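Residue numbers (our numbering): 8 to 145.
Even for Gly, the Cβ is constructed at its ideal location relative to N, Cα and C.
Keep in mind the model is a prediction, meaning the values are calculated, not measured.
Below: the structure, in structure tokens.
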């Protein structure tokens with residue numbers, strides 16, 4: 008699923024560049040993402056059992072100190088992490104973060120193209136992904 012998504016959205020080149028020569032890692036990422044996505048999106052018991060690894064904790068704390076947001080959607084009890092970076096300059100960095108947080112995510116990164124800025128007529132784009140709302144992020 009992740010591999011086909013990456014292929015459709017042209018992120019496969021970024022993903023392959025980052026994981027060059029690591030086909031076992033690529034397969035493991037795709038398999039873990041597919042399994043977790045199908046099971047965890049609506050399973051409260053599984054969400055409550057998720058424990059962050061030390062690397063994931065370090066990434067989350069470091070990015071929160073930088074330019075990442077923690078957010079609660081509506082009346083949700085749990086918090087989710089939203090990582091948003093400029094595209095294409097920081098696409099590789101975002102894919103690197105996504106590869107470490109893949110078991111916490113429900114979907115892969117998306118690219119958003121904004122309306123032209125009225126001040127200078129530039130069109131900005133960003134790449135973004137969100138984790139699931141999980142108790143371990145509270």
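Name the residue from the options whose alpha carbon lies nearest to the alpha carbon of residue i.
| i | options | result |
| --- | --- | --- |
| residue 89 | 82, 123, 109, 96 | 109 |
| residue 115 | 98, 56, 145 | 98 |
| residue 111 | 139, 78, 74, 129 | 139 |
Check residue i in the structure and name its three-state DSSP category.
| i | result |
| --- | --- |
| residue 85 | coil |
| residue 75 | coil |
| residue 57 | coil |
| residue 96 | coil |
| residue 62 | helix |
| residue 139 | coil |
| residue 52 | helix |
| residue 90 | strand |
| residue 130 | coil |
From residue i to residue j, what does the alpha carbon distance come to, in whole angstroms?
| i | j | result |
| --- | --- | --- |
| residue 53 | residue 143 | 12 Å |
| residue 100 | residue 82 | 31 Å |
| residue 80 | residue 71 | 18 Å |
| residue 85 | residue 76 | 14 Å |
| residue 113 | residue 126 | 36 Å |
| residue 141 | residue 59 | 11 Å |
| residue 57 | residue 145 | 12 Å |
| residue 62 | residue 118 | 26 Å |
| residue 55 | residue 120 | 35 Å |
State buried or exposed for residue i, treating a residue as buried only when at least 16 other CB atoms are found within 10 Å of its CB.
| i | result |
| --- | --- |
| residue 123 | exposed |
| residue 87 | buried |
| residue 137 | buried |
| residue 13 | Model confidence at residue 13 stands at a pLDDT of 48, short of 50, so the residue's coordinates are unreliable and nothing is read from them. |
Exercise. Is the stretch 93-109 touching the stretch 58-76 in the sense that three or more CB pairs, one from each, lie closer than 8 Å?
Worked result: Because the criterion of three Cβ pairs below 8 Å is met, the stretch 58-76 and the stretch 93-109 touch.
Problem set entry | Given 8 Å, three or more beta-carbon pairs between the stretch 86-100 and the stretch 129-140 | Enough Cβ pairs lie closer than 8 Å, so yes.
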